[in-house]
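**Q**
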Amino acid sequence: MSNGDYTRQPSPPTPPLPLPRNHRYSPAMVAAILLSALAMTLIVGVRYLIASGGFSLATRVRQPGLYRGQGRQIGREIGWSLASAAIYGIPAGVVAWGWQARGWTRIYEDVGRYPLWYLPVSVLLYLAAHDTWFYWTHRWMHAPRLFRIAHAVHHASRPPTAWAAMSFHPWEALTGAVVIPALLFLIPIHVGALGVVLSIMTIMGVSNHMGWEMFPRWMVRGPIGRWLITASHHQRHHEQYRCNYGLYFRVWDRLCGTDRGLGDFGRDFREKQV
1 MSNGDYTRQP SPPTPPLPLP RNHRYSPAMV AAILLSALAM TLIVGVRYLI ASGGFSLATR
61 VRQPGLYRGQ GRQIGREIGW SLASAAIYGI PAGVVAWGWQ ARGWTRIYED VGRYPLWYLP
121 VSVLLYLAAH DTWFYWTHRW MHAPRLFRIA HAVHHASRPP TAWAAMSFHP WEALTGAVVI
181 PALLFLIPIH VGALGVVLSI MTIMGVSNHM GWEMFPRWMV RGPIGRWLIT ASHHQRHHEQ
241 YRCNYGLYFR VWDRLCGTDR GLGDFGRDFR EKQV
């Protein structure tokens with residue numbers, strides 16, 4: 001026999017031992033989930049304060065006196081909004097932990113994983129899905145009993161200010177908190193594109209409530225404005241309640257006959273001056 005006949009062959013790798021059942025719920029894992037939820041709550045809260053504070057400051061510069069006499073209302077809006085930040089932050093934090101630690105969700109980091117054209121498409125898919133969810137849950141919240149229980153908190157802002165974007169009763173906040181985390185399990189999205197979605201969501205949520213129009217008149221009154229929701233459109237919802245339910249696009253309002261055009265900022269301001 002040759003020496004090669006006596007060469008020891010490498011043994012196959014030993015399969016990993018199964019984890020003990022209680023390892024799935026170890027104190028360290030629970031602590032990590034709680035820490036992630038707390039961190040995300042702080043992020044959502046700080047993001048709200050920065051965005052609403054920034055637009056409120058812009059209002060003082062562009063529309064002096066617009067929020068005069070609304071100090072108590074603004075304090076209430078901030079209180080409800082910070083409570084909503086926790087309701088938004090907890091599921092977001094759990095999902096963020098699952099993405100990092102367990103590979104949950106369809107978030108991806110390698111920009112080459114999908115064609116480049118998919119980046120803007122994924123943003124539009126998320127916005128369209130979110131807008132659809134928002135439209136129908138918003139209409140649901142205007143059912144008389146639900147309105148009294150929950151949605152009346154948001155409509156207590158008369159007229160709303162830049163601080164009212166997240167001023168929701170906890171039950172209503174819960175309906176808004178689940179949609180983006182749920183979409184992350186269904187529709188692939190690059191982490192950067194997700195940041196774009198969240199930025200648009202924040203900016204539109206705040207600017208639609210601030211009581212004046214930041215977009216140029218040609219855009220609001222032109223063909224683009226026929227399909228995009230801006231502060232002028234959402235103002236009409238806070239004037240008449242049973243119309244203009246959308247968040248980003250006027251598509252569902254037009255399809256369902258609930259689009260009532262644009263509101264009148266000038267009238268609200270004149271009434272306040274009187």
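Residue numbering for the sequence shown is 1 to 274, as defined by full-length UniProt numbering. Cβ coordinates follow ideal geometry from the N, Cα and C atoms, glycine included.
So who's on the other strand from tyrosine 108, going by DSSP bridges?
**A** Answer by DSSP bridge pairing, in chain order: His190.
**Q** Which full runs of the alpha helix (DSSP H) of 4+ residues lie inside the UniProt domain "Fatty acid hydroxylase" (123-258), going along the chain?
**A** Qualifying alpha helix (DSSP H) stretches, in chain order: 152-155, 170-177, 179-184, 191-207, 217-220, 231-240 and 251-255.
**Q** Within 10 angstroms of its Cβ, does tryptophan 227 collect 16 or more other Cβ (buried), or is it exposed?
**A** So tryptophan 227 ends up on the exposed side.
**Q** What's the call for glycine 89, buried or exposed, on a 16-neighbour Cβ count within 10 Å?
**A** Classification for glycine 89: buried.
**Q** For tyrosine 118, name the three-state secondary structure that DSSP assigns.
**A** In the structure shown, tyrosine 118 sits in a helix (DSSP, three-state: H, G or I).
**Q** Can you have a look at tryptophan 252 and say buried or exposed, based on whether 16 or more other CB atoms are within 10 angstroms of its CB?
**A** Buried, since its Cβ has 16 or more Cβ neighbours within 10 Å.
**Q** Within 10 angstroms of its Cβ, does tryptophan 117 collect 16 or more other Cβ (buried), or is it exposed?
**A** By the neighbour-count rule (16 or more Cβ atoms within 10 Å), tryptophan 117 is not buried but exposed.
**Q** Is it true that the CB of proline 159 sits closer than 8 Å to the CB of tryptophan 234?
**A** The amino acid occupying residue 234 in the given sequence is histidine; tryptophan does not appear at that position. Contact flag unset, no.
**Q** Curious, which full-length beta strand (DSSP E) runs of at least 3 residues does the stretch 21-107 contain?
**A** Taking only runs of at least 3 residues, no beta strand (DSSP E) segment lies wholly in the stretch 21-107.
**Q** Residues in its own chain within less than 6 Å of lysine 272 by CB, not counting five upstream and five downstream?
**A** Unreliable placement is indicated for lysine 272, whose pLDDT of 47 sits below 50; the coordinate value is still reported in the next sentence. Within the same chain, lysine 272 has no close Cβ partners at all.
**Q** With burial defined as no fewer than 16 other Cβ atoms inside 10 Å of the residue's Cβ, what is the status of glutamate 77: buried or exposed?
**A** Glutamate 77 is buried by the Cβ-count criterion.
**Q** Whole angstroms are fine: how far does the CA of alanine 39 sit from the CA of leucine 19?
**A** Because leucine 19 sits at a pLDDT of 46, beneath the cut-off of 50, its placement in the model cannot be relied upon, and the following sentence gives the value as read from the coordinates. Going by the C-alpha atoms only, they are around 28 Å apart.
**Q** According to DSSP, is glycine 4 helix, strand or coil?
**A** Residue placement at glycine 4 is poorly supported in this model, since its pLDDT is 49, which falls under 50; the coordinates still yield a value, given next. If DSSP states are grouped into helix, strand and coil, glycine 4 belongs with the helices.
**Q** How many Å lie between asparagine 208 and threonine 137 at the Cα?
**A** If I take the Cα positions, the gap works out to 18 Å.
**Q** Look up threonine 260 in the DSSP assignment and say whether it is helix, strand or coil.
**A** Here residue 260 is arginine; the residue named in the question, threonine, does not match the sequence. DSSP places arginine 260 in coil when its eight states are reduced to three.
**Q** Applying the 10 Å Cβ sphere with the 16-neighbour rule, what's the burial state of methionine 166?
**A** It counts as buried.
**Q** Is it right to say arginine 250 is buried, meaning 16 or more other beta carbons lie within 10 angstroms of its own, or is it exposed?
**A** Buried: at least 16 other Cβ atoms inside 10 Å.
**Q** Is the stretch 121-139 touching the stretch 174-189, taking contact as three or more C-beta pairs under 8 Å?
**A** With the cut-off at 8 Å, the stretch 121-139 and the stretch 174-189 touch.
**Q** Go through its chain and collect everything with a Cβ distance to methionine 210's Cβ below 7 Å, but skip five positions before and after it.
**A** Around methionine 210: Phe55, Thr59, Thr161, Ala162 and Ala231.
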